[in-house]
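K.L.:
Please find one structure pasted underneath; my questions will follow.
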Amino acid sequence: PATIRREDYQQPAWLVPEVALDFALGLEATRVEARLSVARNPAGNGSPTLRLAGDGITAESVAVDGAPHGAWKMDGPDLLVDLPGEVHEVTIVTWTNPAANSQLMGLYASNGMLCTQCEAEGFRRITFHPDRPDVLSIYRVRMSGTKAQFPVLLSNGNCTARGEGADGTHWAEWYDPWPKPSYLFALVAGDLVANHDTFTTISGRTVDLNIWVRDGDQDRTHHAMQALKDSMKWDEEAFGREYDLDLFNIVAVSDFNMGAMENKGLNVFNTRYILADPDTATDMDYDGIEGVVAHEYFHNWSGNRVTCRDWFQLSLKEGFTVLRDQLFSQDMGSEAVKRIEDVRILRAAQFPEDSGPLAHPIRPDSYQEISNFYTATVYNKGAEVIRMMRTMVGPERFRKGTDLYFDRHDGEAATCEDFVKAIEDGAGADLGQFRRWYAQAGTPRVEARMDFAEGVATVTLTQTVPPTPGQPGKQPVVIPLRLALFDRASGANRGEELVVLREPSMQVSFAGFAERPVLSINRGFSAPIALDAGQATADLVFLAAHDDDPFARYEAMQQLVVQHLIGLVGGAMLCQAERDAGREAIGRALEAVIGDPALDDLMRGELMILPGETYLAEQLAVADPGVIHEEREGLKAWLGAQLRDQLIALHERASAVPYGLSAEARGARKIKTQALVYLAAGAPEVAADLAVQQYDAADNMTDRQGALMVLAGLDTPLREVKLAAFHQRYAGNALVIDKWFSLQAGSLHPRVVDHVKALSGHPDFTLTNPNRVRSLYMAFTAPHAFHAQGGEGYRMIADLIVALDPINPQTAARFVAPLGRWRRVEPMRSALMRAELERIAATPGLSKDTFEQVSKSLG
Ligand code: B3K
Ligand code: ZN
Numbered sequence: 125p126a127t128i129r130r131e132d133y134q135q136p137a138w139l140v141p142e143v144a145l146d147f148a149l150g151l152e153a154t155r156v157e158a159r160l161s162v163a164r165n166p167a168g169n170g171s172p173t174l175r176l177a178g179d180g181i182t183a184e185s186v187a188v189d190g191a192p193h194g195a196w197k198m199d200g201p202d203l204l205v206d207l208p209g210e211v212h213e214v215t216i217v218t219w220t221n222p223a224a225n226s227q228l229m230g231l232y233a234s235n236g237m238l239c240t241q242c243e244a245e246g247f248r249r250i251t252f253h254p255d256r257p258d259v260l261s262i263y264r265v266r267m268s269g270t271k272a273q274f275p276v277l278l279s280n281g282n283c284t285a286r287g288e289g290a291d292g293t294h295w296a297e298w299y300d301p302w303p304k305p306s307y308l309f310a311l312v313a314g315d316l317v318a319n320h321d322t323f324t325t326i327s328g329r330t331v332d333l334n335i336w337v338r339d340g341d342q343d344r345t346h347h348a349m350q351a352l353k354d355s356m357k358w359d360e361e362a363f364g365r366e367y368d369l370d371l372f373n374i375v376a377v378s379d380f381n382m383g384a385m386e387n388k389g390l391n392v393f394n395t396r397y398i399l400a401d402p403d404t405a406t407d408m409d410y411d412g413i414e415g416v417v418a419h420e421y422f423h424n425w426s427g428n429r430v431t432c433r434d435w436f437q438l439s440l441k442e443g444f445t446v447l448r449d450q451l452f453s454q455d456m457g458s459e460a461v462k463r464i465e466d467v468r469i470l471r472a473a474q475f476p477e478d479s480g481p482l483a484h485p486i487r488p489d490s491y492q493e494i495s496n497f498y499t500a501t502v503y504n505k506g507a508e509v510i511r512m513m514r515t516m517v518g519p520e521r522f523r524k525g526t527d528l529y530f531d532r533h534d535g536e537a538a539t540c541e542d543f544v545k546a547i548e549d550g551a552g553a554d555l556g557q558f559r560r561w562y563a564q565a566g567t568p569r570v571e572a573r574m575d576f577a578e579g580v581a582t583v584t585l586t587q588t589v590p591p592t593p594g595q596p597g598k599q600p601v602v603i604p605l606r607l608a609l610f611d612r613a614s615g616a617n618r619g620e621e622l623v624v625l626r627e628p629s630m631q632v633s634f635a636g637f638a639e640r641p642v643l644s645i646n647r648g649f650s651a652p653i654a655l656d657a658g659q660a661t662a663d664l665v666f667l668a669a670h671d672d673d674p675f676a677r678y679e680a681m682q683q684l685v686v687q688h689l690i691g692l693v694g695g696a697m698l699c700q701a702e703r704d705a706g707r708e709a710i711g712r713a714l715e716a717v718i719g720d721p722a723l724d725d726l727m728r729g730e731l732m733i734l735p736g737e738t739y740l741a742e743q744l745a746v747a748d749p750g751v752i753h754e755e756r757e758g759l760k761a762w763l764g765a766q767l768r769d770q771l772i773a774l775h776e777r778a779s780a781v782p783y784g785l786s787a788e789a790r791g792a793r794k795i796k797t798q799a800l801v802y803l804a805a806g807a808p809e810v811a812a813d814l815a816v817q818q819y820d821a822a823d824n825m826t827d828r829q830g831a832l833m834v835l836a837g838l839d840t841p842l843r844e845v846k847l848a849a850f851h852q853r854y855a856g857n858a859l860v861i862d863k864w865f866s867l868q869a870g871s872l873h874p875r876v877v878d879h880v881k882a883l884s885g886h887p888d889f890t891l892t893n894p895n896r897v898r899s900l901y902m903a904f905t906a907p908h909a910f911h912a913q914g915g916e917g918y919r920m921i922a923d924l925i926v927a928l929d930p931i932n933p934q935t936a937a938r939f940v941a942p943l944g945r946w947r948r949v950e951p952m953r954s955a956l957m958r959a960e961l962e963r964i965a966a967t968p969g970l971s972k973d974t975f976e977q978v979s980k981s982l983g
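Pasting the structure below:
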């Protein structure tokens, strides 16, 4: 496959100011007539040839300016038409078979309805078109189909006309006044019902809001609707962004490759980010819905009104929009807990990417298949990079920068550079060196060491950015570090400072301490770095109990465990006394967390979560996942046994809190299951009893799923009983059956490999639904079972990739990364992982998606 390079960008030779589409809808055959008004781009290369991209379609006819045109030709998948003048109208007829479209890109059928997914390059599977984000057009859409099959007909913008045809057909016309790139086009036709509401914008306009679902699901859309209204209001207040159409439609579909899609005025969602009620959705599901609804809504400005010039600029819209949805969720719930969760996701998903064979800068330099670059790096690290700008200039000046960005680039296809420049100009900052964050991959490592002499604490900071594929040498980056020094005696600090590390190394001094203070650094996770603060256990214990920055407190707790476990796993801790002391310190810190009356339960729940196995493995150049798992489980078991009474009491206290969506009730549910997790390791019989109690008493999915998760990991006959009861209770509810699959695939049970094998043959399992595939196999790529001795886990994932690739390459390619970690794993497993990658690579007819990921992983 060809490699596309950022530096090769060229302006389009032809622009397409207007697009008129006419769809004759059918599940197995849809006819598409596209009329493109094209105009030679004065800034283009002047070529008379109009090049239109296609993918898996053939042209039935091509006409130019109304007359049939014979002089078109194909160049691979592209259609070429030579045009004599400056402006023309090109009309092309194509046919597609939506029911056969298992890739779920372009126009496809899902449960008898038709829907589209065009980002990044799906529009070319519907009709021939430049299909690049810097070609913006005004769209007019007409569609017709049988009324019985497709009673609801939706597209972008506003519905301008509708009517009945002959033989039970009907039609609708839609017009979107805002110029948009083809990736934001959408069409939906099906038997749907709406939850309708309205929102009045800051300037007093009324917007109609609809969430379209299958009949019977309406009652599960209220949380999503509330999230939508909250987002609309928040974006007016926090970023000065008002909605710009009279209608905002959301449609939920059950076959979807990712979370959701921000098509102009017609967002299409995975059902999992819309449908919720207490009986079927966990608190985490509720938060996910709120965050994704907000994210897609926020794209209306950051993505749609200002879009991307080319796909290398993806983080321009994604990084910024993730930051916007994070800030929104921080404002809607607990700021501290949201920040901790976001850092946990970054460390679990993005840090491994940045240190592996698929590492890329947030603005990549090249790709073979752009679908492979919708990554935690582009999204989450992209958000962290923009968050750092905000931290350095402060929220008010940052807002001046974003205002300028929207003013300057409204209606344009912009670049990451445009964004940085707007923040620079609007906020009045110099972001010269800061731009390296866009160009360099890899997580910077910062070492912080404090010396203390004669009342002066001197902190020495040193940074290194590790080499990544294609980038052997790195330049120092700009690293904003929020820092505070604590008086050991009073437990207070003297106020926070922002220290900005720009050089490879620097020193800062703080005078006037009677004794050596305790250093709290990278507070709030002000920079997305790997920090080595070399802190003594006593200092971490101090910070875990006293730090007034909630993230720093969480981090101290994590670090306490990381240092202990890595000491054990890495063989540094040889003497038993040292091991015991480390464990005791963690035990005391956890006991303090369980008992601290000043903590709210949501935060307590965060502080109780042990660092994950992937994050632990990240700390070592080469890790033995089996040993990491055993040591981590061993610590958990010891803690569970030591703190057994406190954990039982915690579970009891939390169980008395009635269901509700308040922070208090949610916190209670969180610590309830956390308590069970420790007890399951340290006192399995007690845990099994309590889990069954919790399961039977549950009046909500959070408690039920938490209890079942714990039971699924235990060797108790009740495991089967409750799993069967759960399946029976929720038979037919796809989203809950997904949970049933992932609970088993991600469980701590020793025979999970066999369970997954059996589940892959379960009548409810199918390779054609991405949610179902992910629910079984993504959960399974969690370290414990995936790395099972003998390589069976690796084989199963490789088998999955080979089987799924011809059906849905985008989803198949997502499973390569776990195998791609082979260089960081001990030699025996490493060889087995590599062998599986080679087996995949040798499979004939591999998609571009999977080929790129596999070849890079081996390279
Ligand atoms: N922009 C879409 C992602 C499209 C992914 C295409 N492979 C969802 C989002 O980030 O909002
Ligand atoms: Zn997005």
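Just so we're on the same page, this note's numbering is the position in the sequence shown counted from 1, plus 124.
From the three backbone atoms N, C-alpha and C, an ideal C-beta is built for every residue, glycine too.
Could you check what DSSP says for V509 in three-state terms: helix, strand or coil?
P.N.:
Correct three-state label for V509: helix.
K.L.:
On the DSSP letters alone, give me the boundaries of the beta strand (DSSP E) that A572 sits inside.
P.N.:
A572 -> beta strand (DSSP E) spans R569 to A577.
K.L.:
Are at least three pairs of beta-carbons, each pair with one atom in the stretch 276 to 294 and one in the stretch 153 to 161, less than 8 Å apart?
P.N.:
Counting Cβ pairs under 8 Å, fewer than three are found: no touch.
K.L.:
For the beta strand (DSSP E) containing R164, name the first residue and the last one.
P.N.:
From DSSP, the beta strand (DSSP E) with R164 extends over T154 to R164.
K.L.:
Look at the alpha carbon of G983 and the alpha carbon of A922, and state the distance between them as a whole number of angstroms.
P.N.:
Computed Cα separation, rounded: 18 Å.
K.L.:
Within the structure, which residues are defined as neighbours of ligand 2 by a Cβ-heavy atom distance below 5 Å, reported in chain order?
P.N.:
The filter returns E442 and T445, in chain order.
K.L.:
As a quick exercise: from S899, S355 and W336, pick the residue whose alpha carbon is nearest that of G870.
P.N.:
When each option's Cα is compared against that of G870, the closest is S899.
K.L.:
List the whole-angstrom C-beta distance separating L145 from V162, where the pair is believed to meet the contact cut-off of C-beta under 8 Å.
P.N.:
Wrong, their Cβ atoms sit about 15 Å apart, outside the cutoff.
K.L.:
Can you tell me which of the three DSSP states P301 falls into?
P.N.:
In the structure shown, P301 sits in a strand (DSSP, three-state: E or B).
K.L.:
May I ask whether a heavy atom of ligand 1 can be found less than 7 Å away from the beta carbon of G552?
P.N.:
No, since every heavy atom of ligand 1 falls outside the 7 Å radius drawn around the Cβ of G552.
K.L.:
Would R618 and E639 qualify as a contact pair, given that the criterion is a beta-carbon distance under 8 Å?
P.N.:
It is not a contact, given that the beta carbons lie outside the stated cut-off.
K.L.:
N824 and D403 look like a contact to me (Cβ under 8 Å); what is the Cβ gap, rounded to whole Å?
P.N.:
Contact holds; Cβ gap of about 7 Å.
K.L.:
What's the call for F939, buried or exposed, on a 16-neighbour Cβ count within 10 Å?
P.N.:
Buried is the call here.
K.L.:
Leaving out five residues on either side along the sequence, give the residues of the same chain with a beta carbon under 6 Å from the beta carbon of A912.
P.N.:
Answer for A912: V877, listed in chain order.
K.L.:
Classify T1036 as helix, strand or coil using the three-state DSSP reduction.
P.N.:
Since the first residue shown for the chain is 125 and the last is 983, residue 1036 is missing from the structure and cannot be characterised.
K.L.:
What ranges does the alpha helix (DSSP H) occupy inside the stretch 857 to 886, keeping only unbroken runs of at least 4 residues that lie completely in it?
P.N.:
Runs of the alpha helix (DSSP H) inside the stretch 857 to 886: 858 to 869 and 876 to 883.
K.L.:
Let me check understanding here. Comparing Cα to Cα, which of I510, D478 and T406 lies closest to L440?
P.N.:
Comparing Cα positions, the closest option is I510.
K.L.:
What do you reckon, is the C-beta of N381 under 7 Å from a heavy atom of ligand 1?
P.N.:
Yes; taking the cut-off as 7 Å, the Cβ of N381 has a heavy atom of ligand 1 nearer than that.
K.L.:
Quick test of your reading: I335 and T324, contact by CB under 8 Å. State the CB separation rounded to the nearest angstrom.
P.N.:
Their Cβ separation, rounded to whole angstroms, is 18 Å, which puts I335 and T324 out of contact at 8 Å.
K.L.:
Determine whether the beta carbon atoms of L838 and A811 lie at a separation below 8 Å.
P.N.:
Yes.
K.L.:
Please list, in chain order, all residues of the same chain as H879 whose beta carbon is under 6 Å from its beta carbon, the five residues on each side excluded.
P.N.:
Q868, listed in sequence order.
K.L.:
Is E414 near ligand 3, with its Cβ less than 7 Å from a heavy atom?
P.N.:
Judged by which ligands are present, ligand 3 is missing from the structure shown, whose ligands are ligand 1 and ligand 2.
K.L.:
Can you tell me whether F444 is buried or exposed, with buried defined as 16 or more other CB within 10 angstroms of its CB?
P.N.:
Buried: at least 16 other Cβ atoms inside 10 Å.
K.L.:
Can you look up G758 in the DSSP assignment and give me helix, strand or coil?
P.N.:
DSSP places G758 in helix when its eight states are reduced to three.
K.L.:
Locate the alpha helix (DSSP H) running through A290, then write down its first and last residues.
P.N.:
Unbroken run through A290: none, as it is neither H nor E.
K.L.:
Quick one: using the 10 Å Cβ neighbour count with 16 as the cut-off for buried, is A153 buried or exposed?
P.N.:
A153 is exposed by the Cβ-count criterion.
K.L.:
For E930 and P590, I'd like the C-alpha separation in whole angstroms.
P.N.:
Before going on, a small fix: residue 930 reads as Pro here, not Glu. Going by the C-alpha atoms only, they are around 36 Å apart.
K.L.:
Check each candidate in N387, A376, K388 and G389 and name the one with the smallest Cα separation from R396.
P.N.:
Taking only the C-alpha atoms, the option nearest R396 is A376.
K.L.:
To the nearest angstrom, report how far apart Q474 and P596 are at their CA atoms.
P.N.:
Their Cα atoms are separated by approximately 20 Å.
K.L.:
DSSP on Q829, reduced to helix/strand/coil?
P.N.:
Residue state, collapsed to three classes: helix.
K.L.:
So is V746 buried or exposed if we call it buried at 16+ other beta carbons inside 10 Å?
P.N.:
Classification of V746: exposed, given that the 10 Å Cβ count is below 16.
K.L.:
Going by the C-beta, is Y232 closer than 7 Å to any heavy atom of ligand 1?
P.N.:
Checking every heavy atom of ligand 1 against the Cβ of Y232, none is found closer than 7 Å.
K.L.:
Ordered along the chain, which non-local residues of its own chain (more than five positions away) have a Cβ less than 7 Å from that of R919?
P.N.:
Here the set comprises E960.
K.L.:
Excluding sequence positions up to five away, which residues of its chain have a Cβ less than 7 Å from the Cβ of G615?
P.N.:
These residues qualify, in order along the chain: H670.
K.L.:
Looking at the secondary structure, which residues open and close the beta strand (DSSP E) in which D409 lies?
P.N.:
Where D409 is concerned, there is no enclosing beta strand (DSSP E), although the alpha helix (DSSP H) it sits in stretches over D407 to F422.
K.L.:
Across the stretch 700 to 709 and the stretch 637 to 656, are there enough close Cβ pairs to call them in contact, namely three or more that are closer than 8 Å?
P.N.:
In short, these stretches do not touch, since the Cβ pair count stays below three.
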